[in-house]
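Heads up: the sequence shown begins at 48 in the working numbering, then just goes up one per residue.
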Amino acid sequence: MTIYNKIETGKKYTESYKVFITEDNKVVSPFHNIKLHPSETKEVVRVVNEIPRFENAKFEINKSASLNCITQDTKKGEMRFVSNVYPFKGYLWNYGALPQTWEDKDEVCEYTKCKGDNDPLDVVDIGTRRKGVGEVYEAKVLGCLALIDDGECDWKIVVIDTKDRNASSINDIEDVEKFFPGLLADTFKWFKVYKLPDGKPENIFGLNSEIQNKDFALEIIDNAHKSWKKLITHKHIKGITFDEPIDVNILDEKTEEGEVPLKVNEYFFLKKD
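What follows is the structure, encoded as structure tokens:
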């Protein structure tokens, strides 16, 4: 069994903060070097967690950074945080990405009629345990939803950690409501309104705003994996790095906790119709 660890450097909530993923004393890319499937079972995938549940900071795999380390996104020169849209606090779930997947920015999705967002597939982990930044684990695929973000297709794959106490009982998307009543409805609402505090319009969804089942999600994952294979073969997209793994001892693990701006903890209230 492959074991992944992480090395954190810099001050959290600043541009100096970086999280590197390690395997067998090598620093590896969470985008390219971590295998998507731990075995022949396609229903189980590896997940790279980027954002812990309830966190506001927008941590993400940095496509252009050395070894695609996880950093906090910036916007107009400032660290990016998502707002708390009442009654939500930060991200509603653990939020991450599937390694060795890529949504092709030049290919039109047959289901949404939109081009991809040039990122790995996003993951919504509905499990019970809060994950850390850079934690790599195995999860069962349950379903997916088609977010259309600024005209781009941005699939969200719904999963649950294989070690979660409810994992053996949840095998497809219709099982989720039994154990987490209301979570899927709130998931749609969260994605719909989370950009309103930034002055942007509500997000929209493809496929009649209906969440799709496991088999559909597996098709989306397989397509994104094929797109990644094309990307890694041709290396034709500017701004994406393809570094080879390096020795762990090259990095100096020094990190410190940073401060979150006070406004990040405020609530944004939606106007009632």
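Each residue gets a CB set at the ideal place from its N, CA and C atoms; glycine is no exception.
If you check the CB distance, F235 and L168 do not come in under 8 Å. Bridge partners of C191 according to DSSP: I204 and Q259. Counting C-beta atoms within 10 angstroms of its own C-beta, Y184 has 16 or more neighbours from the protein chains shown and is therefore classed as buried. Under DSSP, I68 forms a beta bridge with K53 and V75.
Taking K53 as the centre and dropping the five residues before and after it, the same chain places the C-beta of V66, I68 and G181 closer than 6 Å to its C-beta, in chain order.
Between Q119 and the set G305, T209, F316 and V206, the nearest pair of CA atoms involves G305.
Judged by their CB atoms, V95 and V206 are not nearer to each other than the 8 Å cut-off. Between the stretch 244-264 and the stretch 287-298, the count of C-beta pairs closer than 8 Å stays below three; the two stretches do not touch. Boundaries cannot be given for T88, as no alpha helix (DSSP H) includes it and DSSP labels it neither H nor E. The DSSP-derived three-state label of A271 is helix. For V170, the enclosing beta strand (DSSP E) stretches over residues D169 to D172. Judged by DSSP secondary structure, T118 falls outside any alpha helix (DSSP H) and instead within the beta strand (DSSP E) spanning I117 to Q119.
Counted as a single uninterrupted DSSP element, the stretch harbouring E224 is not any beta strand (DSSP E) but the alpha helix (DSSP H) occupying residues V223 to F226.
The beta carbons of I173 and F106 sit about 19 Å from each other, so the pair does not count as a contact at 8 Å. Put simply, the backbone Cα of C156 is about 22 Å away from that of V92.
Assignment of F106 by DSSP, reduced to helix, strand and coil, places it in the strand class. The straight-line gap separating the alpha-carbon atoms of F78 and I279 is approximately 10 Å. Counting along the chain, the unbroken alpha helix (DSSP H) around A232 starts and ends at L230 to V240.
For A144, the enclosing beta strand (DSSP E) has its first and last residue at N141 to A144. Straight across, the Cα-Cα distance linking I98 with E221 is about 25 Å.
Contact between A186 and D201 is ruled out by a C-beta separation of about 19 Å, above the 8 Å threshold. In the structure shown, I81 falls within a coil segment according to DSSP collapsed to helix, strand and coil. The beta carbon of E90 sits closer than 8 Å to those of K187, V188, K261 and L265, all from its chain and outside the five residues before and after it, given in chain order. About 18 Å separates the beta carbons of N109 and N103, which is beyond the 8 Å limit, so they are not a contact pair. For E125, the pairing in a beta bridge is given by DSSP as K122. For the options N218, F128, K73 and Q259, the alpha carbon positioned closest to that of L194 is the one of Q259. Rounded to the nearest whole angstrom, the CA to CA distance from P248 to K225 is 32 Å.
Under the criterion of beta carbons closer than 8 Å, S130 and F315 qualify as touching, at roughly 5 Å.
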